[in-house]
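Numbering-wise, the working numbering puts 25 at position 25 of the sequence shown, and it's gapless, one number per residue. No residue lacks a Cβ here, since even glycine has one placed at the ideal position from N, Cα and C. Here the structure is a predicted model, which means the values were calculated and not measured. What follows is one structure encoded as structure tokens, with my remarks underneath.
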Amino acid sequence: MKFKNYLTSIENVSIYPMVSLIIFVIFFAVVTWYVFSKSRSEMDELSNVPFKK
């Protein structure tokens with residue numbers, strides 16, 4: 001049996017791509033909001049973290 005036949009035997013399999021898309025969009029929106037809500041000075045400080053000991 002091929003892999004494609006396994007997917008056709010699962011009920012409501014069409015919901016999985018939609019759920020994963022929704023999770024991705026929510027995650028992307030949260031990360032975008034986080035980046036744009038930070039001030040310039042905080043981002044400058046965070047950009048120098050790898051160089052500090």
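Residue i, enclosing alpha helix (DSSP H) - first and last residue
i	result
residue 5	3-8
residue 19	15-37
residue 45	40-47
6 Å Cβ shell around residue i - same chain, five flanking residues per side excluded
i	result
residue 87	As displayed, the chain neither begins before 1 nor continues past 53, which places residue 87 out of reach and without an answer.
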